[in-house]
Amino acid sequence: MCPGGSRDWQDNNSVIKQLPRHCWPGNPCSGAVGGVYAVEPVGKDLQRCLEAKERLWPSPPVFLNTVADSIRLQEVGELTFPIICEYANHRVFTVTDEQMVQGMKLIFERMKQVVEAASGAGVYAAVHLLKDIQPKAQKVGVILCGGNVDLDVLPWLTRTTSYQ
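Following the UniProt record's numbering, the residues of the sequence shown are numbered contiguously, the last one being 164.
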């Protein structure tokens, strides 16, 4: 599955039926629409914009203070916002930095993978929040990425030794 490109997961034979997706300005949820739930950091206000079907973010763009670098920009791209409005589910999950870190740790502990905080947001939403609106959802996919990870500053680690 390619973020922002492939929709193979949507075919009738797919095991994935719901797809939480963290939103970033250059490649948001618009590339994988239908059954997609956006996940945002506190302060992004995507839910409010989707309900209004209007970009309500301030100008110039604002950067949020969040552990998730890739979704730090408050607004979603001008070209992709109309696509999200038309095709994506308008229920947006909002997560805190602590919840994103919990999602990151879950992937690290269970899958032995290091993912970035934005992926932790999707994992947290899939595990803890999706059941509130989709109690029978059993086949859920989360798009994971790790390109924005600095292993020296993982949010749950405290460094006590210095390696040269």
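All C-beta atoms, glycine included, are put in the ideal place defined by N, C-alpha and C.
One or two residues paired with residue i in a DSSP bridge
i	result
F81	Answer is none; F81 lacks a bridge partner.
L73	F63
F93	V39
Buried/exposed call for residue i, threshold 16 Cβ in 10 Å
i	result
D45	buried
F63	exposed
E40	buried
Q74	buried
R72	buried
S59	exposed
I133	exposed
G103	buried
L79	exposed
L157	exposed
Same chain only: Cβ atoms within 6 angstroms of residue i, ignoring 5 sequence neighbours per side
i	result
G146	V114, V115, E116
F81	R55
V149	V114, E116
E109	none
D69	N148
W57	Q74, E75
L151	none
S119	L144, C145
Y124	V95, Q99, Q102, G103
Residues of its chain near residue i, where Cβ-Cβ distance is below 7 angstroms and the 5 sequence neighbours each way are ignored
i	result
A52	none
V67	D97, M100, V101, A117, P155
P61	L73, Q74, E75
K105	W156
Beta carbon of residue i nearer than 8 angstroms to that of residue j
i	j	result
G122	V153	no
T94	V140	no
V127	A38	no
Which of helix, strand or coil DSSP assigns to residue i
i	result
Q134	coil
K112	coil
G122	helix
G103	helix
V149	coil
A88	coil
L154	coil
L56	coil
A117	helix
Neighbourhood of residue i by C-beta, 8 angstroms cutoff - its chain only, sequence neighbours within 5 removed
i	result
C49	R55, L56, W57, V76, F81
Residue i beta carbon near the ligand MN (any heavy atom closer than 7 angstroms)
i	result
V140	Ligands displayed in this structure: none; no statement on the ligand MN is therefore possible.
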